[in-house]
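One structure is given here, and the rest of the page talks about it.
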Amino acid sequence: MSETAFPISDRNRLKRAHERGSYDHATVFAILDSQMLCHVAYVIDGQPYCTPTLFWREGQTLYWHGSSASRMLRHLRVGTPTCLTVAQLDGLVLARSGFNHSANYRSAMCFGTARLVEDMALKEHALLAVVDRFYPNRSAALRAMTAQEIKATSVIAMPIEQASAKVRAKNVGDDEVDGQHPVWAGVLPVSTIVGAEQPSPALLAGLERPTNLDAYAPGRRLDEVLIEMQAAYEDAH
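Residues 1144 to 1380 (my numbering) are what the sequence shown spells out, left to right.
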């Protein structure tokens, strides 16, 4: 694997709009790091499935976790070809023709062989990382996981073998002749925004939201916060 880009083959090569594509680590990782929800695609007995789940990245390996009874996790434990994707909708593009309507977006598609994390030390590290990656140093303040909780949870790791990113970030792509058509055209920006906190009704008296969550300030874009949290996690580890 290249130090700066993923290898390209028919599996990850963009078939259309090549100018929107990229295979370099920096672009792919930036898109992955701006998200916390992914979709994992796999096949069981000829039937395709695609499961949404939370994930995180450490280096060139992606991790996700779930119940040990999960159909997906039980299937992936033995080493299964898997495709993990993320996407961020950034804008609605309204053109002067239906054909040219589009969307601004960032997406990444990652291929690899997913396997169960069986090493207990690595598994326990991962179960802390799924918290600390998004909320810096939070796991140290939490109740320790019980042996039963660890047993009931499976962790999957997938080294990224190949990947591609695809980004559209521009205004309307109308045909030149359509510029004279009398209808509004343009981009409606879209983003996910952090809202006001909603404290637990069972919160102990006097407990305030910790300062290590200050990045999650109301009104901030979530993708920007998540990129900051990834950088903070990498700095701490």
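Where a beta carbon is used, it is the ideal one built from N, C-alpha and C, also for glycine.
| Check | Outcome |
| --- | --- |
| How many Å lie between G1164 and R1276 at the Cα? | 27 angstroms |
| For F1198, which residues of its own chain have a beta-carbon under 6 angstroms away from its beta-carbon, when the five flanking residues on both sides are left out? | C1181, L1205, W1207 |
| Would V1315 and R1239 qualify as a contact pair, given that the criterion is a beta-carbon distance under 9 angstroms? | yes |
| Just to confirm the assignment, what range does the alpha helix (DSSP H) spanning A1374 have? | 1365-1379 |
| Are there 16 or more other CB atoms within 10 angstroms of the CB of G1234, so buried, or fewer, so exposed? | buried |
| When burial is assigned at 16 or more other CB atoms within 10 Å of the CB, is N1247 buried or exposed? | buried |
| Please report how far the alpha carbon of C1226 lies from the alpha carbon of L1157, in whole angstroms. | 15 angstroms |
| Between D1321 and the rest of its own chain, which residues show a CB-CB distance below 6 angstroms, the 5 nearest in sequence each way excluded? | R1239, S1240 |
| What three-state label does DSSP hand G1255 in the structure shown? | strand |
| Assign N1155 to one of two classes, buried (16 or more other C-beta atoms within 10 Å of its C-beta) or exposed (fewer than that). | buried |
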